[in-house]
Ligand code: FES
Ligand code: FES
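Residue numbers (the numbering used here), protein chains in the order written: chain A, 541 to 1287; chain B, 11 to 163.
And the structure:
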């Protein structure tokens, strides 16, 4: 699928695209486009009009730089370009492209701003744009935070339009027909007499034309591809075993490596005995790497098995060794010194609560959870004399280049990154430890491609899990309404932990401690949401939806408790309190879908939850049956507003899958530490959902929001509270801790 | 030792205890068969051994000696799809797709035995195939479609 190497070797500069930059930032370089990397060394007769489109006599390649971990973003990016360029699916190839500042992500940092994503005021927008400018200055090309569609939606359609208009101009010059008399259709410019000039035949002529920058995007009413079902470009390969993931890649002369590094993450290697490993068939070497050892062999299984036989003495964990102490550190964080930020403070919450005779109180827990995508982490690294090749699937190309360069002693631009399709991530492929391991091995074997494959056990041991949290709610109800709600959440800062590992210091409060709580656009007369920063816990990382699965569970569960205490209807009271129009419609829609007011069978219960994350208001209603063997999850109704649904078939699949993901982990997954090590080692003790537990899931995507939003994550956070609320409705038992199977059985 | 993989006789020189998974992937280069857990927990490595679905990560090479092994790459190809693969494409089941080789092999074995499975039959047959992306609703739908297609054929 990738023609990238040929592209960069044979390039030819014809101009670059103007991309709208960060406004109101006042920095010239933030507004100037980065140069087009495709132009470097184009061959005679090949044309590239901007960093996303390459037209050659033998074919068209669209560059889709966002990493594809299964969310289908390769297809979605291609659809945006193809829509404006009048290409049909199947008329082009796709390539991830090489890391380049031209592919900076303007949307990635926008959720870091202290404004609710639903706040589209001038001030909030200005700060978001300015942060987009920062991403551009850093050349930060990343995939995460459900940002690929917000980042791409205008940019890639514009890239397609520029290509279309430039090809028309080239055709006009070739034929003498006025541009106004030309149209485009199915990969060709069409002359008034119906003659078709294929884009590929125009490549040579177009290469001599300055790209047309003054373009108009199509009216949404004319869209042929956007909003319509399209076949994902990867679907046939993924249904026939012919998709090559990083773990399947073959590179000439490759050797296989397996590692054992200190399961007390970041701890030292004290001593080891590798004599048994060295004697095993196929093993060629055992090397030391920071914090552990690596076995080199002629086959993955031989390397993994030999690594398991090495006897190792590990140093202590640089964090609290026992799980109980982690919970204590969280519980102790609710104090003024550890207050990270007061995110909402409306009305007078303290006075209302102090004055009340009846105060509703509750405490909630959200545990560490592993990412555990099905493809274990793997990478091929080859250190050459003046460059290094890295083959792996990764979401942060520039960070990867910097970290690998630091190990090989080269400069980041000498690190040639070849991105690969990824067998799931959920945040795992934002991390760089496995790449540091692979580079630390490869640098000891110059010229030889080293393929490192983590065993599943190593993958679990070296996951940086989702951060845990404790939430405390206090509130007051009166006259059938929620009057005051106070939610305090203590958690470690995932941003500080994650960015700290790549040497970046993130100043200021961490919005992820309370993400999924503070940003819900309710108008509760007295509302306070505060985040507290816990210290000394295990290193953590972004897990699908980051802070919102934990904080959203805490916030929505407590709101549900208050509504029940008030004697109000859980859906109606949420709608009454909602202060944001698009969010209110999401709640109303999910109510209609589920026939909320309708009758329920014996033993059944329904719960509703609403959590906003990444700018997407998302509501779910879950129906369960309390059977004599435990809870059965029957149906889920899901409604959200993403502004524009780019592909309804992929959208439905992603939402269903994300709800299965959210429910599965809420039911039965947690990572706990003993003696500094994660106690869970494989899927048998961190299972999530299997097919027999999967409910029917009914999905509707609304398009009232003014911006296009990504749907990689926002369906995850409401799943857990909707289920807990449904269980309460069915049984009267309120579950305040994930995983729920510590408190109730599931069938 | 000799095995017949996707209809072709192959000769390998491996330890008798090397799991069939790694014989296929690393010795024979058949990478449609996936490694997910190594301990029969995920089903990503599912192949047919003499017609029966097995976890190749738990099948020692010695057990496959002389046997007929069918992998996803032999079940059908992009140009000659098996009915199950066709249904998988129609329903756009795959997300990351990493589990789908195993899901499809398990589903093909189910349909060979039970041409008209109910949802409960599907849950029984497919419970060992983990999908971290949560594609279960579409797996169920695709199996029903494949069953219908196979009956027509
Ligand atoms: S790799 Fe065989 S069942 Fe997971
Ligand atoms: S599609 Fe990703 S694990 Fe199943």
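We treat Cβ as the ideally placed atom computed from N, Cα and C, and that holds for glycine.
Whether residue i touches residue j by CB criterion (7 Å)
i                       : j                       : result
residue 609 of chain A  : residue 962 of chain A  : yes
residue 1123 of chain A : residue 1080 of chain A : no
residue 921 of chain A  : residue 978 of chain A  : yes
residue 1207 of chain A : residue 1286 of chain A : yes
residue 618 of chain A  : residue 594 of chain A  : no
residue 721 of chain A  : residue 728 of chain A  : no
residue 613 of chain A  : residue 688 of chain A  : yes
residue 1077 of chain A : residue 869 of chain A  : yes
residue 914 of chain A  : residue 46 of chain B   : yes
residue 1164 of chain A : residue 1199 of chain A : no
residue 1034 of chain A : residue 1052 of chain A : yes
residue 1149 of chain A : residue 1279 of chain A : no
residue 765 of chain A  : residue 622 of chain A  : yes
residue 157 of chain B  : residue 109 of chain B  : no
residue 84 of chain B   : residue 67 of chain B   : no
Opposing strand residues paired with residue i [DSSP bridges]
i                       : result
residue 590 of chain A  : A:593
residue 999 of chain A  : According to DSSP, which records beta bridges pairwise, residue 999 of chain A is partnered with nothing at all.
residue 70 of chain B   : B:29
residue 961 of chain A  : A:785
residue 1186 of chain A : For residue 1186 of chain A, which the question treats as bridged, DSSP gives no partner whatsoever.
residue 931 of chain A  : A:920 and A:958
residue 1157 of chain A : A:1152
residue 811 of chain A  : A:853
residue 12 of chain B   : B:21
residue 796 of chain A  : A:837 and A:991
residue 906 of chain A  : A:1009
residue 728 of chain A  : A:725 and A:738
residue 1144 of chain A : A:1165
residue 1205 of chain A : Answer is none; residue 1205 of chain A lacks a bridge partner.
Rounded straight-line distance, which links the Cα of residue j to that of residue i
i                       : j                       : result
residue 1059 of chain A : residue 1223 of chain A : 34 Å
residue 1097 of chain A : residue 1015 of chain A : 12 Å
residue 561 of chain A  : residue 1022 of chain A : Residue placement at residue 561 of chain A cannot be trusted, given a pLDDT of 19 that sits under 50; what the coordinates show is reported in the next sentence. Going from the Cα of residue 561 of chain A to the Cα of residue 1022 of chain A covers about 44 Å.
residue 132 of chain B  : residue 1232 of chain A : 8 Å
residue 1103 of chain A : residue 884 of chain A  : 20 Å
residue 1093 of chain A : residue 1105 of chain A : 18 Å
residue 745 of chain A  : residue 591 of chain A  : 19 Å
residue 111 of chain B  : residue 1121 of chain A : 44 Å
residue 1258 of chain A : residue 897 of chain A  : 31 Å
residue 843 of chain A  : residue 835 of chain A  : 6 Å
residue 641 of chain A  : residue 574 of chain A  : 6 Å
residue 993 of chain A  : residue 1065 of chain A : 54 Å
residue 677 of chain A  : residue 939 of chain A  : Caution is warranted here: a pLDDT of 45 is assigned to residue 677 of chain A, below 50, making its placement in the model unreliable, and the coordinate value is therefore given only provisionally. Each residue's Cα considered, the two are about 14 Å apart.
residue 44 of chain B   : residue 146 of chain B  : 18 Å
residue 1153 of chain A : residue 89 of chain B   : 42 Å
residue 637 of chain A  : residue 31 of chain B   : 32 Å
residue 74 of chain B   : residue 632 of chain A  : 42 Å
residue 681 of chain A  : residue 1003 of chain A : 23 Å
residue 1193 of chain A : residue 117 of chain B  : 19 Å
residue 857 of chain A  : residue 1000 of chain A : 16 Å
residue 1267 of chain A : residue 1134 of chain A : 16 Å
residue 567 of chain A  : residue 709 of chain A  : Confidence in residue 567 of chain A is poor, its pLDDT being 21 and thus under 50, which makes the residue's placement unreliable; the coordinate value appears in the next sentence. For residue 567 of chain A and residue 709 of chain A, the distance between alpha carbons rounds to 33 Å.
Taking any Cβ of chain B, which residues in the region 1187-1206 of chain A have a Cβ under 8 Å from it, in chain order?
1189, 1190, 1193, 1194, 1196, 1197, 1198, 1199, 1200, 1201 and 1204
Could you run through the region 908-937 of chain A and flag, in chain order, every residue whose CB is less than 8 Å away from some CB of chain B?
912, 913, 914, 915 and 916
Taking only beta carbons into account, state which residues of the region 42-63 of chain B come closer than 8 Å to chain A, listed in chain order.
42, 43, 44, 45, 46, 47, 48, 49, 51, 52 and 54
Scan the region 755-780 of chain A for residues whose Cβ lies nearer than 9 Å to a Cβ of chain B and list them as they occur along the chain.
769, 771, 772, 774, 775, 776, 777, 778, 779 and 780
Residues within the region 1231-1261 of chain A neighbouring chain B, beta-carbon criterion of under 9 Å
1231, 1232, 1233, 1234, 1235, 1236 and 1237
With 9 Å as the C-beta to C-beta threshold (strictly closer), list the residues of the region 143-158 of chain B near chain A in chain order.
143, 144, 145, 146, 147, 148, 149 and 150
Kindly confirm or deny that the region 1179-1187 of chain A and the region 1233-1249 of chain A touch, where touching means at least three C-beta pairs closer than 8 Å.
yes
Between the region 950-961 of chain A and the region 929-939 of chain A, do at least 3 Cβ pairs fall closer than 8 Å?
yes
Taking only beta carbons into account, state which residues of the region 835-849 of chain A come closer than 7 Å to chain B, listed in chain order.
839, 840 and 841
Near-chain B residues of the region 780-795 of chain A (beta-carbon distance less than 9 Å), N- to C-terminal order
780, 781, 782, 783, 784, 785, 787, 788, 789 and 790
Would you list, in chain order, the members of the region 607-626 of chain A that have their beta-carbon closer than 9 Å to a beta-carbon of chain B?
608, 609, 610, 611 and 612
Could you please tell me which residues of the region 1155-1170 of chain A, in chain order, have their CB closer than 7 Å to any CB of chain B?
none
Quick check: the region 700-709 of chain A against the region 740-760 of chain A, are there 3 or more CB pairs under 8 Å?
yes
Three or more C-beta pairs below 8 Å linking the region 98-109 of chain B and the region 962-971 of chain A:
yes
Which residues, in order along the region 993-1017 of chain A, keep a beta-carbon less than 7 Å from a beta-carbon of chain B?
995 and 996
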